[in-house]
Amino acid sequence: DVLFHSHTHACYRGSILLYLFWPTRCSADTYRNVLPEWFNAWTNIDRCPEYDFLWLALFCRARKHVAYDWGPLRKRLLTLAQYWLQLPIGGAALDQSFPRAPAPRSRSCPSRLKAFVGSSSSYEEGIDFVAKVTKLLVTSLGPGSETDTSTDLSEGTRDLLTFFSFVTPYFHPSNVGNWTFTLGAFLHYFCYELCCRVGGTGGLQVLAQTHPAVVKAIEKVHPYPMRSSLPPQELTALLHALLPLCRQALYSKNSHVG
43 DVLFHSHTHA CYRGSILLYL FWPTRCSADT YRNVLPEWFN AWTNIDRCPE
93 YDFLWLALFC RARKHVAYDW GPLRKRLLTL AQYWLQLPIG GAALDQSFPR
143 APAPRSRSCP SRLKAFVGSS SSYEEGIDFV AKVTKLLVTS LGPGSETDTS
193 TDLSEGTRDL LTFFSFVTPY FHPSNVGNWT FTLGAFLHYF CYELCCRVGG
243 TGGLQVLAQT HPAVVKAIEK VHPYPMRSSL PPQELTALLH ALLPLCRQAL
293 YSKNSHVG
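To convert, note that position 184 of the sequence shown is 226 in my numbering; the numbers rise steadily by one, no gaps.
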């Protein structure tokens with residue numbers, strides 16, 4: 043149903059059952075087999091936040107147990123970020139002869155099915171959604187392995203730097219709109235997840251020198267807790283892009299952001 047019935051409510055029922063009953067911990071081989079099918083199923087339906095949330099939650103479970111090429115997932119996340127973060131891109135052309143296409147319509151999960159996974163409020167749903175997006179974006183940063191000694195920035199880091207450069211004007215304190223709060227939440231959770239990855243990786247490296255048995259026990263539970271440490275040049279580039287945004291967010295006219 044999830045793969046072949048995207049034109050009916052059966053795909054929603056199937057994805058909800060998968061979300062509810064898929065175990066949190068699975069072997070790396072299991073995730074390698076199902077992740078391509080999950081990605082294809084996710085891309086069958088566009089502009090449906092409830093449907094997107096289910097797949098983001100499943101991908102977040104997988105990231106802790108398998109080393110995987112998250113490039114296609116990252117590119118789709120960044121492509122849909124304009125819609126999720128409510129960025130006002132585009133507008134009416136001055137040339138009246140230019141054809142005007144209506145904005146794409148959003149799809150919605152039936153309320154009787156959404157009740158199985160819905161939060162207590164739309165605010166909590168939105169915050170959880172943004173948090174999961176940032177988790178996956180931070181997971182896709184850096185080289186694919188510790189043996190990669192290249193001094194160039196990885197593709198994931200370059201993509202994120204391009205995205206931050208694109209959204210920089212919307213962080214200006216005088217640029218207030220529907221996007222202000224969602225962008226502020228995105229910046230908050232991205233910085234949080236980045237700190238967790240850097241701190242967790244550094245902590246494991248120190249712990250491995252003094253208590254290697256503890257590190258082995260942690261790896262049995264989460265085989266890929268941090269995937270790999272971020273090289274200094276990538277961390278420096280990210281901080282160089284994030285700090286000006288954080289500074290502008292401090293002076294935001296939206297009290298929830300500042």
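Backbone N, C-alpha and C fix where the C-beta goes; we use that ideal spot for every residue, glycine too.
On the DSSP letters alone, give me the boundaries of the alpha helix (DSSP H) that Thr121 sits inside. Counting along the chain, the alpha helix (DSSP H) containing Thr121 begins and ends at Gly113 to Trp126.
Taking DSSP as the reference, what is the three-state secondary structure of Val175? Here Val175 sits in helix by DSSP.
Less than 6 angstroms separating the Cβ of Thr85 from some heavy atom of the ligand GTP? Among the ligands in the structure shown, none appear at all, so the ligand GTP cannot be discussed.
Nearest to Tyr61 by CA position, among Trp80, Arg239, Tyr266 and Thr193, is which residue? Taking the Cα of Tyr61 as reference, the smallest distance to any Cα among Trp80, Arg239, Tyr266 and Thr193 is reached at Trp80.
Supposed close pair Thr199, Leu280 - CB separation, criterion 8 angstroms: At roughly 7 angstroms, the Cβ-Cβ gap stays under 8 angstroms, so Thr199 and Leu280 are in contact.
When burial is assigned at 16 or more other CB atoms within 10 Å of the CB, is Phe185 buried or exposed? Per the sequence shown, residue 185 should be read as Pro rather than Phe. Buried: at least 16 other Cβ atoms inside 10 Å.
Starting from the N-terminal side, write out each stretch of the alpha helix (DSSP H) that is 4 residues or longer and does not extend beyond the segment 194-273. Listed in chain order, they are 197-209, 221-252 and 254-263.
Span separating the alpha-carbon of Tyr93 from that of Thr243: The alpha-carbon of Tyr93 is positioned some 32 angstroms away from that of Thr243.
May I ask you to report which of helix, strand or coil DSSP gives Lys295? Coil, per DSSP.
Span of the alpha helix (DSSP H) around Cys151: Careful: Cys151 lies outside any alpha helix (DSSP H) and carries neither H nor E.
With H, G and I counted as helix, E and B as strand and the rest as coil, what does DSSP make of Ser192? Coil.
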